[in-house]
Every structure is written in C-alpha cells, then in structure tokens.
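Inspection log for the structure reproduced underneath, given as structure tokens.
In the working numbering, the protein residues as written are 182 to 423.
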C-alpha cells in the first residue's frame with residue numbers, strides 16, 4: 182500500500198497544490214524516532230520543490246530554541262528544519278501539551294487520580310485541539326502570507342499538574358489528585374504497552390524537557406488561544422468521566 186512516505190505518492194498528492202497542511206502521524210512502533218519523522222517528511226520536502234508548492238503549514242511544538250534533546254519534540258523541530266530548507270513559505274504551528282491526552286486516563290480520573298511523568302509543581306502549558314484546528318484553518322485560508330515564521334498555539338492557562346487536579350476537582354465536583362510517575366516507571370509502562378524503546382525514550386526525554394521549562398520562552402510572549410483548561414474540563418472531560 183502506498184503511503185505519504187512514498188515519493189511518487191506524495192508527488193501525485195501535491196500536484197497542483199498551492200498550500201499543504203503537514204502533520205507527521207505518530208508511530209509508536211518506530212525503531213528510530215528521529216529517523217521516522219525525517220523519513221516521513223523527506224519525500225514531502227522533495228515534492229514541495231518539484232510541484233512548486235507555495236506554502237506549507239506544519240504541526241510542531243513550542244520550544245524550538247531549547248537546544249537540548251527533547252525527544253519527540255526534537256523530532257518535530259527537525260521536521261520543521263527540513264521543510265524550511267526547501268525555501269517554501271512556512272508556518273510552524275507550535276503547540277504545548279494537548280489537553281486531550283488526559284482522555285486516555287478518563288477512567289482513572291473518574292476514580293479520583295491521574296498521573297504524568299511531569300513534576301507536580303512545574304508549569305505544564307496546555308492547548309485544546311479545537312484551538313489548533315482553528316489556528317490551522319485561519320492560516321490555511323489566508324493566501325496573503327509569505328516567508329517563514331511560527332505561530333504559538335496554547336491556552337490562557339499557566340497551570341501545574343497540581344493546579345490541573347484542583348481544576349478537575351472543581352469542575353467534576355469530586356476530588357481528583359495528581360500522582361507523578363517516576364520516569365523509569367513511565368518508560369517501563371510504555372514498553373509494556375508495545376511502544377518501541379526509541380519512542381518510549383522520546384516520551385521520557387520530552388517530559389524531562391517539559392519539566393525543564395521548554396515551553397516557557399515562547400509561551401510567555403504568545404497570544405493565548407480561547408479555550409481554558411476549566412472550559413475544556415466542563416465541555417470534554419466531564420462528559421467523558423460521567
């Protein structure tokens with residue numbers, strides 16, 4: 182089966198395209214995290230050149246200038262660099278931690294606890310996926326821009342996991358506590374779920390970078406998107422844990 186990592190397929194897909202939306206789908210079984218991101222994106226970069234695509238909008242992450250290994254985030258930064266090297270007009274949508282990631286723990290939250298490998302008292306910037314979609318739609322429907330730049334997309338909140346637990350408790354009307362998972366235990370759990378060692382380590386390195394404040398420089402000056410964590414809990418988490 183042909184995929185978007187196949188050069189001929191991507192060339193056909195980009196034929197006649199003026200603007201492209203680019204998102205590398207997760208592949209937790211990938212044996213080489215960075216190799217997967219670049220291997221998936223390289224045919225697209227070549228097709229951008231060959232097909233004369235004028236603009237690309239990509240899904241990336243806050244923290245591009247962090248300068249240290251950030252696991253999955255660093256792989257996204259390498260994707261940005263590869264696309265930018267084509268010279269195409271590019272907008273990198275830079276996100277923080279997706280609120281929707283918490284839905285994987287809906288049952289645990291219903292029982293009063295959620296866990297992350299993140300520090301309980303360290304800010305973890307958040308974003309709701311509808312806000313990402315809205316930002317993408319805005320830039321994709323605008324044919325006036327050129328050059329290369331980034332667009333931070335994150336909620337108005339500056340919350341720690343403990344703050345998130347407090348907000349959940351208020352919105353859900355029952356106590357919810359946060360429990361930090363040690364990084365070694367977190368990786369072992371991811372391996373048990375079938376993730377490759379490279380992908381599991383990438384998640385560990387990402388959490389380490391988040392604990393180190395990777396999002397903060399861009400987040401501090403970004404224009405916030407509309408959805409607060411409390412709104413998301415009311416509209417999404419509450420029905421999921423009813």
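We put the beta carbon where it would ideally sit given N, CA and C, even for glycine.
Item	Value
Stretch-stretch touch, CB-based, cutoff 8 Å, three pairs: the segment 234-252 with the segment 199-209	yes
Residue-chain proximity (residue 200, chain D), Cβ-Cβ < 8 Å	Any reference to chain D falls outside this structure, which holds one protein chain only.
Three-way DSSP call (helix, strand, coil) for residue 203 in this model	strand
Cβ contact check for the segment 303-316 and the segment 348-368: 3 or more pairs under 8 Å	no
Per-residue DSSP class, three states only, for residue 328	coil
Cutoff 7 Å; reference residue 338; Cβ partners in own chain excluding five residues on either side	307, 409, 410
Classification of residue 298 by the beta-carbon crowding that lies within 10 angstroms, buried from 16 upward	buried
The segment 210-227 in contact with the segment 387-399 per 3-pair CB rule at 8 Å	no
Segments assigned alpha helix (DSSP H), at least 4 residues, entirely inside the segment 240-281	253-265
Beta-carbon proximity check, residue 251 vs residue 395, cutoff 8 Å	yes
For residue 370, the nearest candidate out of 331, 320, 384 (CA to CA)	384
DSSP-derived helix/strand/coil call for residue 406	coil
C-beta contact flag for residue 305 and residue 256 at 8 Å	no
Contact check, residue 218 vs residue 259, beta carbons under 8 Å	yes
Residue 329 and residue 270 closer than 8 Å at C-beta	yes
Residue 361, DSSP secondary structure in three states	strand
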